[in-house]
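**Q** One structure, pasted below without further comment.
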Amino acid sequence: MSAAVGGAEFHGFRGGGGGAAQLQRSRMLGRPLRVATPHAAAPAGGGGSSSASIRAVSAPLKKDASEVKRSKVEIIKEKSNFLRYPLNEELVSEAPNINDSAVQLIKFHGSYQQTDRDVRGQKNYSFMLRTKNPCGKVPNQLYLAMDTLADEFGIGTLRLTTRQTFQLHGVLKKNLKTVISTVIKNMGSSLGACGDLNRNVLAPAAPYVRKDILFAQETAENIAALLTPQSGAYYDLWVDGEKIMSAEEPPEVTKARNDNTYGTNFPDSPEPIYGTQYLPRKFKIAVTVAGDNSVDILTNDIGVVVVSDSAGEPVGFNIYVGGGMGRTHRVETTFPRLADPLGYVPKEDILYAIKAIVVTQRENGRRDDRRYSRMKYLIDNWGIEKFRAEVEKYYGKKFEDSRPLPEWQFNSYLGWQEQGDGKLFYGVHVDNGRVAGQAKKTLREIIEKYNLEVSITPNQNLILCGIDQAWKDPITAALAQSGLLEPKDVDPLNITSMACPALPLCPLAQTEAERGILPILKRIRAVFDKVGIKDHESVVVRITGCPNGCARPYMAEVGFVGDGPNSYQIWLGGTPNQKKKMCL
1 MSAAVGGAEF HGFRGGGGGA AQLQRSRMLG RPLRVATPHA AAPAGGGGSS SASIRAVSAP
61 LKKDASEVKR SKVEIIKEKS NFLRYPLNEE LVSEAPNIND SAVQLIKFHG SYQQTDRDVR
121 GQKNYSFMLR TKNPCGKVPN QLYLAMDTLA DEFGIGTLRL TTRQTFQLHG VLKKNLKTVI
181 STVIKNMGSS LGACGDLNRN VLAPAAPYVR KDILFAQETA ENIAALLTPQ SGAYYDLWVD
241 GEKIMSAEEP PEVTKARNDN TYGTNFPDSP EPIYGTQYLP RKFKIAVTVA GDNSVDILTN
301 DIGVVVVSDS AGEPVGFNIY VGGGMGRTHR VETTFPRLAD PLGYVPKEDI LYAIKAIVVT
361 QRENGRRDDR RYSRMKYLID NWGIEKFRAE VEKYYGKKFE DSRPLPEWQF NSYLGWQEQG
421 DGKLFYGVHV DNGRVAGQAK KTLREIIEKY NLEVSITPNQ NLILCGIDQA WKDPITAALA
481 QSGLLEPKDV DPLNITSMAC PALPLCPLAQ TEAERGILPI LKRIRAVFDK VGIKDHESVV
541 VRITGCPNGC ARPYMAEVGF VGDGPNSYQI WLGGTPNQKK KMCL
């Protein structure tokens, strides 16, 4: 199914190699039942060894004939004045859309330009806004603001995502500034929700008052802060340069970002970690605790697992690197991949270790062909030993051996549960993460009436947090009246399933996902009934409208991956705890 990326050298990245060992590393969990013969391969590049010196890809470099051509997006980033131009000009034009360069830049600000593909003829432009909510935390004020924005400027629904964020669809260009400034002024952000940088950082969503959970959530928030863009372009464009957020950044985050002991930073740049070029491609990080795989830990560029001592006190982290879901149909040099163990670090070093990994990808990830720009291809090509050695140059230390961990389990956190502080939380099952209709209205009423904070789960569900015991019965009754079933009354197939939005708005979708999954699940249940599989028995089913893998279908027991109109590849072989590699 996959092979090592073809040879190429770009700012220290050297391709080539491969063989059975690399092929085995790149194999993933699901196996396609129907895949056409590949007709494309990774572009060949120059040979030669990597330079021993470290060059910053964002530093001005003298052009020479041996330098590999950069992709169009790299040039757009370089000329953008740190994500400003030409987006600033395009936003004030009379046109309903923005040009191609601005389309690339607005991603960094948390938005994608889309068209309604159900409408034929003239393109009906709108924008999707994605928020950034580390560990899925949503303040009461922000939830209510998002609910209002969906009605006033969107399509009347909120979409919960597989990375614990909101998506707001259908925003017109003329309303973008109003929408984004409202998010900012209500304790939210969309900065870095998309684009070639660190995306939203996942962590267990449950509000348990437990040392390891709280530490994982705090770590996720600190990593998110460390890797947030610093140039100020976001605030310049959307709130006229006014910094709305008043929360002070933890001093350990500021210290880690500014530290340049091992040559990680651009000292005079508004972006000390990212520079003018940012990262070669999107970058995803998740943090969790031992045994909890609610975040699909091995699918991320970096997976961070809290390690605790015998007294339950967090002492450090196991780190995994090189996961990623995206691939291209019939191009077998692209593939989904599970992360490899990198090693263990004490808890005080985690921000420095994360920064070192990010910088290694920044300096060595491919910038000539975006199909091969994710860190998984760098690691698959180099091997984990070489990658570890390179990261250690920026980290300044050797990684310790990974600590043993218990078996992974999937946790949905649905239904009524105790937080551990005398209060309750309730995990609401939301089919495909689409909050709409009476359910949307009722959720707003509950969240507003009881002044609740909420959390978004990586399985597209919503957790109502900090509920007094006396509120349990009226909340249960209100949810039931709105049609939001208790988890025990929902088919287990629906509980563990996921789908991306796909058609009609996603420009990459090749077929249906969200709009098609419920009929597909009903047909699967009918087959189960026919062969005698009981109602409480289930498998994990995930569906995406294209091979990019936003709903992580390659980790499912049954994955449907759209490859054309009303056509899917079917991938089999996953496990309910999302940790098993492909069955060969």
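So for the sequence shown, UniProt numbering puts the first residue at 1; every next one is plus one.
The beta carbon of each residue, even a glycine, is placed where N, CA and C say it ideally should be.
Once you ignore the five residues that flank Ser-567 on each side, which residues in its own chain have a CB closer than 7 Å to its CB?
**A** If we look at Ser-567 and ignore the five residues flanking it on each side, its Cβ neighbours are Thr-511.
**Q** Just to confirm my understanding: we take Ile-467, look at its own chain, exclude 5 residues before and 5 after, and list those with CB closer than 8 Å. What are they?
**A** Same-chain partners within the cutoff: Lys-423, Leu-424, Phe-425, Tyr-426, Tyr-450, Leu-452 and Ile-475.
**Q** In whole angstroms, what separates the C-alpha of Tyr-262 from that of Ala-356?
**A** Their backbone Cα atoms lie some 9 Å apart in a straight line.
**Q** Should the stretch 109-119 be regarded as contacting the stretch 390-407, the criterion being three or more beta carbon pairs within less than 8 Å?
**A** No, because fewer than three Cβ pairs between the stretch 109-119 and the stretch 390-407 fall closer than 8 Å, the two stretches do not touch.
**Q** Just to confirm, is the Cβ distance from Gly-433 to Arg-163 under 8 Å?
**A** For Gly-433 and Arg-163, no; Cβs fall outside 8 Å.
**Q** Based on the DSSP output, what are the partners of Ser-126 in its beta bridges?
**A** Answer by DSSP bridge pairing, in chain order: Gln-114.
**Q** Would Val-304 and Ile-285 be called neighbours here (beta carbons separated by less than 8 Å)?
**A** Result yes, Cβ atoms of Val-304 and Ile-285 sit closer than 8 Å.
**Q** DSSP three-state label for Ala-499, please.
**A** If DSSP states are grouped into helix, strand and coil, Ala-499 belongs with the strands.
**Q** Consult DSSP for Arg-523 and reduce its assignment to one of helix, strand or coil.
**A** If DSSP states are grouped into helix, strand and coil, Arg-523 belongs with the helices.
**Q** Please list, in chain order, all residues of the same chain as Thr-575 whose beta carbon is under 6 Å from its beta carbon, the five residues on each side excluded.
**A** So no residue of the chain qualifies.
**Q** Looking only at C-alpha atoms, which of Val-295, Glu-514 and Val-253 sits nearest to Asp-349?
**A** The candidate whose alpha carbon is nearest that of Asp-349 is Val-253.
**Q** Would you call the stretch 177-197 and the stretch 532-547 in contact, with 3 or more CB pairs under 8 Å?
**A** No contact exists between the stretch 177-197 and the stretch 532-547.
**Q** Going by DSSP, which residues form a beta bridge with Ala-286?
**A** DSSP output for Ala-286 lists Leu-202 and Gly-303 as bridge partner(s).
**Q** Below 7 Å CB to CB, which residues in the same chain sit around Gly-323 once its five sequence neighbours on both sides are set aside?
**A** For Gly-323, where only same-chain residues beyond five positions count, the Cβ hits under 7 Å are Leu-298, Thr-299, Asn-300, Asp-301, Gly-303, Arg-337, Leu-338, Ala-339 and Lys-376.
**Q** Whether or not the stretch 217-231 and the stretch 165-176 are in contact is what I'm after, with contact meaning three or more pairs of Cβ atoms, one per stretch, closer than 8 Å; do they touch?
**A** Touching, no, given that fewer than three Cβ pairs across the two stretches are closer than 8 Å.
**Q** What are the boundary residues of the beta strand (DSSP E) that Ile-570 is part of?
**A** Counting along the chain, the beta strand (DSSP E) containing Ile-570 begins and ends at 567-572.
**Q** Relative to the C-alpha of Cys-546, which candidate in Pro-267, Pro-501, Thr-360 and Asp-369 has its C-alpha closest?
**A** For the residues Pro-267, Pro-501, Thr-360 and Asp-369, the minimum Cα distance to Cys-546 belongs to Pro-501.
**Q** Relative to the alpha-carbon of Gln-141, which residue among Val-239, Thr-157 and Glu-448 has its alpha-carbon at the smallest distance?
**A** For the residues Val-239, Thr-157 and Glu-448, the minimum Cα distance to Gln-141 belongs to Glu-448.
**Q** Would you please state the rounded distance, in angstroms, between the beta carbons of Asp-368 and Ser-71? I believe it to be under 8 Å.
**A** Yes, Asp-368 and Ser-71 are in contact; Cβ-Cβ is about 6 Å, under 8 Å.
**Q** How is Tyr-143 classed by DSSP in three states: helix, strand or coil?
**A** The answer is helix: DSSP assigns Tyr-143 an H, G or I state.
**Q** Only counting runs of 3 or more residues, tell me where the beta strand (DSSP E) segments fall wholly within the stretch 451-514, in order along the chain.
**A** With a minimum length of 3 residues, the continuous beta strand (DSSP E) runs that stay inside the stretch 451-514 are 454-456 and 462-467.
**Q** How big is the Cα-Cα spacing for Phe-153 and Lys-173?
**A** Distance between the alpha carbons of Phe-153 and Lys-173: 10 Å.
**Q** Return the Cβ separation of Ala-551 and Ala-499 in integer angstroms, given the expectation that the two are a contact with Cβ distance under 8 Å.
**A** Rounded, the Cβ-Cβ distance is 6 Å, consistent with contact.
**Q** Is the stretch 217-224 close to the stretch 131-145, with three or more CB pairs under 8 Å?
**A** They touch, by the three-pair rule.
**Q** If I'm right that Tyr-554 touches Met-187 with Cβ under 8 Å, what's the distance once you round it to whole angstroms?
**A** With a Cβ gap of about 35 Å, Tyr-554 and Met-187 do not count as contacting.
**Q** Helix, strand or coil: how does DSSP classify Val-331 here?
**A** Note: Val-331 maps to strand in three-state DSSP.
**Q** Starting from Thr-360, trace the beta strand (DSSP E) in both directions and tell me its first and last residue.
**A** Segment 350-364 is the alpha helix (DSSP H) holding Thr-360; no beta strand (DSSP E) there.
**Q** Can you list, in chain order, the residues of its chain with a C-beta nearer than 7 Å to that of Trp-416? Leave out the 5 residues immediately preceding and following it.
**A** Cβ within range, chain order: Leu-424, Tyr-426 and Lys-472.
**Q** Note down, in chain order, each residue of its chain lying with its Cβ closer than 6 Å to the Cβ of Leu-214, except the 5 sequence neighbours on either side.
**A** So the list is empty, once near-sequence residues are dropped.
**Q** For Leu-378, collect the residues of the same chain with a Cβ closer than 6 Å to its Cβ; drop the 5 residues on either side in sequence, then sort them by chain order.
**A** Once the five neighbours on either side are set aside, the close Cβ partners of Leu-378 are Asn-364 and Gly-365.
**Q** For Ile-495 and Leu-414, which I take to be in contact (beta-carbon distance under 8 Å), what is that distance rounded to the nearest angstrom?
**A** That pair is a contact at about 7 Å.
**Q** Within 10 angstroms of its Cβ, does Lys-440 collect 16 or more other Cβ (buried), or is it exposed?
**A** Answer is buried; the Cβ neighbour count reaches 16.
**Q** If I'm right that Asp-401 touches Gly-343 with Cβ under 8 Å, what's the distance once you round it to whole angstroms?
**A** With a Cβ gap of about 7 Å, Asp-401 and Gly-343 count as contacting.
**Q** Does the distance from the CB of residue 588 to the CB of Tyr-125 come in under 8 Å?
**A** In this structure the chain extends from 1 to 584, so residue 588 is not present and cannot be described.
**Q** Using three-state DSSP, classify Gly-275 as helix, strand or coil.
**A** DSSP places Gly-275 in coil when its eight states are reduced to three.
**Q** Tell me where the alpha helix (DSSP H) around Trp-382 begins and ends.
**A** Taken as a continuous stretch (DSSP letters only), the alpha helix (DSSP H) holding Trp-382 covers 375-382.
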